[in-house]
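The block underneath contains the structure these notes are about, expressed in structure tokens.
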Amino acid sequence: MNWLMRKCTKCGRYTLSKDKCPHCGGELVVPHPPRFSPEDKYVEHRLKIKFEKGLLNLDEKPYYIP
Ligand SMILES: [Zn+2]
């Protein structure tokens, strides 16, 4: 679950805090971004919903993203 970790841009320490660095109050960044962006996950989620509703024919266009 390393994407839950944040790294402080100020002191460089790692933390599980989501807001600010508990050590110095600096801003936090994700040191190792997940392989797929959240946007991609949403696309996959939308495609799944469409498929389940029968709006998407995966046999004709398996990789078509509307
Ligand atoms: Zn810090």
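Going letter by letter, the sequence shown gives residues 1 to 66 in this note's numbering. Where is the CB? At the ideal position from N, CA and C, for every residue including glycine.
Environment of residue i [buried if 16+ CB atoms lie within 10 Å]
| i | result |
| --- | --- |
| R6 | buried |
| C8 | buried |
| C21 | buried |
| L28 | buried |
Beta-bridge pairing of residue i - partner residues as DSSP gives them
| i | result |
| --- | --- |
| V29 | K7 |
Check: residue i C-beta below 8 Å from any heavy atom of ligand 1
| i | result |
| --- | --- |
| H23 | yes |
| G54 | no |
| K50 | no |
| K18 | no |
| R46 | no |
Helix, strand or coil at residue i [DSSP, three-state]
| i | result |
| --- | --- |
| K48 | helix |
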